[in-house]
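Residues 0 to 66 (numbering that gives the first Met the number 0) make up the sequence shown, in order.
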Amino acid sequence: MASPDDVLSVDDAAAELGVSVRRVRALIDGGYGKLKAKKIGVSWVILRQDLDAVRVRKDGRPRKKPK
Numbered sequence: 000m001a002s003p004d005d006v007l008s009v010d011d012a013a014a015e016l017g018v019s020v021r022r023v024r025a026l027i028d029g030g031y032g033k034l035k036a037k038k039i040g041v042s043w044v045i046l047r048q049d050l051d052a053v054r055v056r057k058d059g060r061p062r063k064k065p066k
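Here's what the structure looks like:
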């Protein structure tokens, strides 16, 4: 079971990532599954370990390997 310190709201996650709340919501339900979250009632909750996984992921397309 996760402790209360390990569970974040969308607002808290946005503050930690340095992005807008709208961007966090797009990461959650943008169809890409980049940020795992659970919906409880009308609110989304995010586990800190899932937020950390998104934080270390590189954005963009991987570089092409030279031929």
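A virtual CB, placed ideally from N, CA and C, is assigned to each residue, including glycine.
query	result
Between the Cα of glycine 59 and the Cα atoms of Pro3, Lys33, Arg21, Val20, which residue gives the shortest distance?	Lys33
What would DSSP say about leucine 34, mapped onto helix, strand or coil?	coil
Leaving out the 5 sequence neighbours to the left and right, which residues in its chain are closer than 6 angstroms to valine 9 when beta-carbon positions are compared?	Val20, Val23, Trp43
For valine 6, does the three-state DSSP call read helix, strand or coil?	strand
Taking valine 6 as the reference, give the member of Leu26, Ile27, Gly29, Ala36 with the closest Cα.	Ala36
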